[in-house]
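Chemist: Before I ask anything, here is the structure I am working with.
There are 2 protein chains.
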Amino acid sequence: MNPKSISKQTLLRLPSYLSYLKSLPEGDNEHVSATMIATALGLNDVQVRKDLACVSKKGRPKLGYVTGDLIKDIESFLGYDDLNDAIIVGAGRLGGALMSYEGFKEYGLNIVAAFDTDERVVGTEICGKKILPMDKIKDLCESLKIRIGIITVPAHAAQKVCDMLVESGIYAIWNFAPTHLKVPDNILVQQENMAASLAVLSAHLAEAIKKNGF
Amino acid sequence: MNPKSISKQTLLRLPSYLSYLKSLPEGDNEHVSATMIATALGLNDVQVRKDLACVSKKGRPKLGYVTGDLIKDIESFLGYDDLNDAIIVGAGRLGGALMSYEGFKEYGLNIVAAFDTDERVVGTEICGKKILPMDKIKDLCESLKIRIGIITVPAHAAQKVCDMLVESGIYAIWNFAPTHLKVPDNILVQQENMAASLAVLSAHLAEAIKKNGF
DNA sequence: TAAATATCGGTATAAAATTATCGATATAAA
DNA sequence: TTTATATCGATAATTTTATACCGATATTTA
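As you go down the protein sequences, you meet chains Z and Y in turn. Whatever position you read off the first sequence (first residue = 1), add 540 for my numbering. Whatever position you read off the second sequence (first residue = 1), add 540 for my numbering.
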């Protein structure tokens with residue numbers, strides 16, 4: 541067992557605490573309490589306090605936490621302070637959107653290049669990032685020691701791309717294709733499942749309609 | 541209490557069952573068992589069986605479920621068979637990616653139009669969908685009875701957009717901006733939190749590095 | 001026809017996550 | 001200085017979620 545194995549739920553909440561903390565106007569918010577965060581985010585204060593206890597030991601009774609320190613603690617815990625290089629496979633609309641999203645740097649993610657099969661886009665750039673042909677994946681990953689791959693190709697092509705990435709030494713995959721990927725045990729896959737989010741939204745909607753007759 | 545109030549976790553897993561079922565080659569997969577799904581997706585078979593019991597009553601010992609029927613049952617449960625109209629606010633890269641994603645129709649979501657403040661994009665189209673100025677939101681939502689709004693604007697603008705949507709009669713919001721939205725009690729917000737996914741990925745990565753010394 | 005097997009569906013148990021409670025402590029007010 | 005208050009951190013209780021177990025049943029094999 542890990543001494544500090546943190547729960548996945550907590551991990552999922554930490555970024556929202558972070559974005560809330562960063563949204564606070566400076567000056568009159570030197571300190572922030574778990575109660576305050578909980579109220580703003582619609583959560584239970586004990587839950588927030590327990591989550592924060594995983595990443596920081598600096599809470600003080602009556603006062604709470606020093607806002608700036610807490611932000612640093614969360615960022616450091618989430619690894620936002622050391623930048624990870626990544627490549628993206630699939631330079632379509634979604635891939636392009638991710639490439640052009642400046643915000644990833646704040647999360648410690650640096651997309652260095654993209655790959656695509658389409659000859660019309662290969663050779664072009666998006667936001668200063670080159671789009672390369674697929675057969676260059678292995679070379680680039682090995683020479684730059686890339687460990688993170690992002691998949692934004694259509695579902696039917698995802699497994700093939702995944703296999704290529706594994707073959708190229710990638711061992712963390714962020715998969716935006718709506719497919720379950722088969723990988724060796726030591727490879728991490730984080731599924732970005734928009735269909736799942738949509739399912740939750742639809743279900744709530746259906747329930748609300750049934751209950752309130754909207 | 542709801543008689544059939546389904547757990548959120550189950551709801552999140554249903555779409556992955558669906559995509560697995562659809563990926564099966566027809567012909568030699570007339571039937572499918574919970575065990576089979578569980579093995580393919582790396583889950584526990586009892587969990588899958590219980591999840592499926594929420595949406596279908598047609599499981600048969602020894603055989604399992606009729607694949608086609610199960611697909612229909614899940615789709616129907618998730619509301620994928622009655623198309624919901626939606627609008628999108630923010631026609632930037634991410635907004636454009638969502639607009640051009642044909643797959644949403646499969647999930648019962650139909651994006652009818654987009655809105656943006658940028659005069660250069662207002663009046664243009666993406667994938668046959670018009671981009672309109674912000675002050676037209678209310679008119680359009682009311683005349684077409686739109687109930688779902690998708691927010692893909694920068695974080696700092698999200699709350700304002702959210703308020704406009706609520707004001708326009710929207711009551712389910714899919715928020716891609718990394719901010720917590722304040723809404724009245726009867727409005728549903730589904731947060732699409734890429735930072736949260738990334739946090740899980742980074743944490744796993746950091747743990748693997750520490751353990752295996754990659 | 002009888003035995004073996006895979007699977008469902010229900011119940012029971014275990015594990016995990018959330019929420020409540022309480023004593024301790026730091027600050028502010030009386 | 002004393003009292004009141006807000007908050008933390010720890011422990012306990014509750015709720016939710018996941019897993020194990022077992023009898024029933026449909027199919028296949030002997």
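Every residue gets a Cβ at the ideal spot worked out from N, C-alpha and C, and that includes glycine.
By a C-beta neighbour count over all protein chains shown, 10 Å radius and 16 as the cutoff for buried, is Pro-673(Y) buried or exposed?
Modeler: With fewer than 16 Cβ atoms within 10 Å of its Cβ, Pro-673(Y) is classed as exposed.
Chemist: State the DSSP-derived secondary structure class of Ala-653(Z), mapped to helix, strand or coil.
Modeler: Strand.
Chemist: Check the Cβ-Cβ distances between His-720(Z) and every residue of chain Y, and say whether any is below 7 angstroms.
Modeler: So yes, His-720(Z) belongs to the interface.
Chemist: Give the DSSP-derived three-state secondary structure of Val-588(Y) in the structure shown.
Modeler: Correct three-state label for Val-588(Y): helix.
Chemist: Under DSSP, the alpha helix (DSSP H) around Ile-611(Z) begins and ends at which residues?
Modeler: Segment 607-617, the alpha helix (DSSP H) holding Ile-611(Z).
Chemist: Would you mind telling me which residues of chain Y sit closer than 8 angstroms to Met-734(Z), beta carbon to beta carbon, in chain order?
Modeler: Within 8 angstroms Cβ-Cβ: Glu-732.
Chemist: Answer with buried or exposed for Val-665(Z), where buried requires no fewer than 16 other C-beta atoms within 10 angstroms of its C-beta.
Modeler: For the record, residue 665(Z) in the displayed sequence is Glu; it is not Val. Glu-665(Z) should be labelled exposed.
Chemist: What residue from Glu-732(Y), Ile-677(Y), Arg-660(Y), Asn-624(Y) has the CA that sits closest to Ile-651(Y)'s CA?
Modeler: Ranking the options by Cα distance to Ile-651(Y), first place goes to Asn-624(Y).
Chemist: Given that a residue counts as buried once 16 or more other Cβ atoms are within 10 Å of its Cβ, and exposed if not, what is Asn-584(Z)?
Modeler: Asn-584(Z) is exposed by the Cβ-count criterion.
Chemist: Residues of the segment 563-597 of chain Y with a CB closer than 9 angstroms to any CB of chain Z: list them in chain order, please.
Modeler: Of all residues in the segment 563-597 of chain Y, Ser-563, Ala-580, Leu-581, Gly-582 have a Cβ within less than 9 angstroms of some Cβ in chain Z.
Chemist: In or out: Ala-593(Y) buried (at least 16 other Cβ within 10 Å) or exposed?
Modeler: By the 10 Å Cβ count, Ala-593(Y) comes out exposed.
Chemist: Specify, as a first and last residue, the run of the beta strand (DSSP E) that Asp-625(Z) falls within.
Modeler: First-last of the beta strand (DSSP E) with Asp-625(Z): 624-629.
Chemist: Consider the Cβ of Pro-555(Z): report whether some Cβ of chain Y lies at a distance smaller than 7 angstroms.
Modeler: Yes, Pro-555(Z) lies at the interface with chain Y (some Cβ there is under 7 angstroms from its Cβ).
Chemist: Given a limit of 8 angstroms on CB to CB distance, which residues of the segment 699-712 of chain Y reach chain Z?
Modeler: Residues passing the 8 angstroms Cβ filter: Tyr-711, Ala-712.
Chemist: Could you tell me whether the Cβ atoms of Gly-619(Y) and Ser-737(Z) are closer together than 7 angstroms?
Modeler: Going by C-beta atoms, Gly-619(Y) is not nearer than 7 angstroms to Ser-737(Z).
Chemist: Quick one: give me the first and last residue of the beta strand (DSSP E) that Lys-670(Z) is part of.
Modeler: Residues 669-673.
Chemist: Report the three-state DSSP secondary structure of Pro-543(Y) (helix, strand or coil).
Modeler: Bear in mind that the predicted position of Pro-543(Y) carries a pLDDT of just 38, short of 50, making it too unreliable to give a figure here.
Chemist: Going straight from the alpha carbon of Glu-570(Z) to that of Asp-621(Z), what length do you get?
Modeler: One C-alpha to the other measures close to 22 angstroms.
Chemist: Got a sec: is the Cβ-Cβ distance from Arg-660(Y) to anything in chain Z below 7 angstroms?
Modeler: No, because no Cβ of chain Z sits closer than 7 angstroms to the Cβ of Arg-660(Y).
Chemist: Could you tell me the distance, in whole angstroms, from the CA atom of Thr-671(Z) to the CA atom of Thr-692(Z)?
Modeler: Before going on, a small fix: residue 671(Z) reads as Ile here, not Thr. Ile-671(Z) and Thr-692(Z): Cα-Cα distance of roughly 13 angstroms.
Chemist: Taking the straight line between their C-alpha atoms, what separation do you get for Lys-751(Z) and Asn-726(Y)?
Modeler: Cα to Cα, Lys-751(Z) sits roughly 11 angstroms from Asn-726(Y).
Chemist: Which residues does DSSP list as the beta-bridge partners of Val-729(Y)?
Modeler: Answer is Ile-713(Y).
Chemist: What do you reckon, are the CB atoms on Ile-628(Y) and Gly-635(Y) nearer than 7 angstroms?
Modeler: Yes, the pair counts as a contact, with Cβ atoms nearer than the cut-off.
Chemist: Name the chain Y residues that come within less than 9 angstroms of Tyr-560(Z), Cβ to Cβ?
Modeler: Residues of chain Y passing the Cβ test: Thr-719, His-720.
Chemist: Quick one: Cα of Leu-680(Y) to Cα of Asp-658(Y), how far?
Modeler: Rounded to the nearest angstrom, the two C-alpha atoms are 19 angstroms apart.
Chemist: According to DSSP, is Ile-686(Z) part of a helix, a strand, or is it coil?
Modeler: The answer is coil: DSSP assigns Ile-686(Z) none of H, G, I, E or B.
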